[in-house]
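Numbering (this note's numbering), first residue to last: 67 to 249. By construction, the Cβ of each residue, glycine as well, lies at the ideal position given by its N, Cα and C atoms.
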């Protein structure tokens, strides 16, 4: 597997020194670090570890196309669209596996029925992690906020579960399964 220069991609879409960059980079670094620790504990291969590093560092790249006051992102789309927009960006960079992570990393996933029920502005389909790498990155992302005041603080298991429980019993059940697998 050819290595991906994720900093080149990050710097292409997010201006170094910008407020967006100052929030994006610590967040993805913390998520990636947690994901790599889990992957190492599970004895994943070097190829899998490298992919987790790359995809973890790129999983939120779609924020550049959304409107968000915390990041000072001037896009026109709502925040939830950073999933589908991140996938589009990474696909355009020739990274379809990385694009799947960007598209599916929200919590334990978003189901088509949730998109329809909540009228989320996403193409209606399941955005649910399937591979072990997708699940590990999604799991790790649950524990880190992108809000400036909580940027470096890792949520406890209980706090993370509370965040996921807001999205329903099905999501809560997946959280409990992943907790057994990853912690």
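Test item: CB-CB of residue i and residue j under 8 Å
i: residue 191; j: residue 201; result: no
i: residue 208; j: residue 230; result: yes
i: residue 104; j: residue 206; result: yes
i: residue 102; j: residue 115; result: yes
Close-in-space but distant-in-sequence residues of the same chain around residue i (CB under 8 Å, 5 per side omitted)
i: residue 157; result: 165
i: residue 194; result: 170, 174, 175, 176 and 177
i: residue 65; result: Because the chain spans 67 through 249 in this model, residue 65 falls outside it and cannot be assessed.
i: residue 140; result: 133
i: residue 238; result: 227, 230 and 231
Integer Cβ distance of residue i from residue j, believed to fall under 8 Å
i: residue 86; j: residue 169; result: Wrong, their Cβ atoms sit about 20 Å apart, outside the cutoff.
i: residue 203; j: residue 97; result: 7 Å
i: residue 80; j: residue 132; result: Contact flag wrong, Cβ pair sits at about 12 Å.
i: residue 248; j: residue 92; result: Not really, about 22 Å apart at Cβ, beyond 8 Å.
i: residue 214; j: residue 127; result: With 8 Å as the limit, residue 214 and residue 127 do not qualify as a contact, their Cβ atoms being about 19 Å apart.
i: residue 75; j: residue 196; result: That pair is no contact at about 23 Å.
i: residue 241; j: residue 221; result: 12 Å between Cβ atoms; not a contact.
Segment limits, alpha helix (DSSP H) that includes residue i
i: residue 237; result: 235-248
i: residue 216; result: Looking at the DSSP string, residue 216 is not in any alpha helix (DSSP H), and its letter there is neither H nor E.
i: residue 73; result: 72-79
i: residue 117; result: 112-124
i: residue 68; result: Careful: residue 68 lies outside any alpha helix (DSSP H) and carries neither H nor E.
i: residue 164; result: 162-170
i: residue 98; result: 85-107
i: residue 173; result: Premise fails: residue 173 is in no alpha helix (DSSP H) and is neither H nor E.
i: residue 229; result: 223-231
i: residue 191; result: Here residue 191 belongs to no alpha helix (DSSP H), and DSSP marks it neither H nor E.
i: residue 127; result: Taken as a continuous stretch (DSSP letters only), residue 127 belongs to no alpha helix (DSSP H), as it is neither H nor E.
Heavy atom of the ligand GTP within 7 Å of residue i beta-carbon
i: residue 228; result: For the ligand GTP, the structure offers nothing, since it holds no ligand at all.
Close beta carbons around residue i, own chain, < 7 Å, minus the five adjacent residues each side
i: residue 120; result: 70, 72 and 164
i: residue 245; result: 223
i: residue 94; result: 122, 123, 125 and 126
Close beta carbons around residue i, own chain, < 6 Å, minus the five adjacent residues each side
i: residue 153; result: 165, 168 and 169
Bridge-paired residues (DSSP) for residue i
i: residue 132; result: 143
i: residue 209; result: None; residue 209 has no bridge partner.
Residue-level contact to chain B via CB, residue i, 8 Å cutoff
i: residue 223; result: Absence of chain B from the displayed structure is noted, only one protein chain being present.
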